[in-house]
Amino acid sequence: MDEKYILAYFNTPEQAENIRQQLAAQEGIVDLQIDRIGLYPGPEPEHFTNTITGKFAGLASITTDATPAHPDARVMMAAHPSASGMSGSSDDTIRGRDILLTVVMQPKLYDSVRQMIRSAGGLV
């Protein structure tokens, strides 16, 4: 069976959940999944950074207020323009859209599902 998919980004889990419920009731939807995504891999840190004590993972933990578990992610975070304070780009259309709705469907539903997602505030 042929299948098509859509990756849609939302601002809140509630937005994604509302459209997920609407889509789940439709015939021809194969799979639906909601995830929170981030720029860097790994779970969110479980503790806050305290630079006064000298116990912090590195530059990324100070400038971006995050400490990923993987060392490679720390390097990428420290090298990101937002860590230096010099980022002035306004072309970041994904900002704030960290909720990902994945929809797998029969091809005949693609256009209508895409329109439903857009009307619900999703970025396709």
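With the working numbering applied, the sequence shown covers 75 to 198. Yeah, the Cβ is synthetic: ideal placement off N, Cα and C, and Gly gets one too.
- Listed as beta-bridge partners of Lys-78 by DSSP are Met-179.
- When DSSP states are grouped into helix, strand and coil, Arg-171 belongs to the coil group.
- Under the criterion of beta carbons closer than 8 Å, Glu-77 and Gln-189 do not qualify as touching, at roughly 19 Å.
- The DSSP-derived three-state label of Ile-93 is helix.
- Sequence-distant partners of Gly-102 (beyond 5 residues in either direction) whose C-beta falls short of 8 Å from its own C-beta, in its chain, are Met-179, Gln-180, Lys-182 and Leu-183.
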